[in-house]
Amino acid sequence: MQALELTQSLVRSCLNLSETEPLSADTYLMGGFPEFDSLTITTLITRIEEAIGCEIDDDEISGETFETVGTLAEFVSQKMEQG
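As numbered in the UniProt record's numbering, the sequence shown has no gaps in its residue numbers, which increase by one up to the final residue, 83.
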């Protein structure tokens, strides 16, 4: 699965969105969904770690990471490349 598809799937799951909910790389997460809060971010980090078998340190993430689906997908892609 590609990083964008994985990210879209994880975001949908964490926010309880239907598969038909449009999520493009330009979709804002921070400020785009009222339920996108610190708990959602923590859950997303855990699910990313589980999905690609990595560990994410606190200093690897920032507010920009969770700005849009695309910025989060870029982060996921980098973690996938690191193996």
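Note that beta-carbon positions come from the ideal geometry of N, C-alpha and C, so glycine has one too.
Please read all numbers here as calculations on a predicted model, not as lab measurements.
CA-to-CA distance, residue j to residue i, given in whole angstroms
i: S13; j: L39; result: 13 Å
i: D57; j: P34; result: 26 Å
i: residue 90; j: L44; result: No answer is possible for residue 90: the residues shown for the chain start at 1 and end at 83.
i: E21; j: C54; result: 28 Å
i: Q8; j: D59; result: 23 Å
i: L17; j: V76; result: 20 Å
i: F36; j: Q2; result: 23 Å
Spatial neighbours of residue i in its chain, beta-carbon cut-off 8 Å, leaving aside the 5 residues before and after
i: T71; result: E64 and T65
Reference residue i; option with closest CA among the options
i: I48; options: A73, P22 and S18; result: A73
Buried or exposed by the 16-neighbour rule on C-beta atoms within 10 Å, applied to residue i
i: T68; result: buried
Same chain only: Cβ atoms within 6 Å of residue i, ignoring 5 sequence neighbours per side
i: M30; result: F66 and E67
First through last residue of the alpha helix (DSSP H) which encompasses residue i
i: S13; result: A3 to L15
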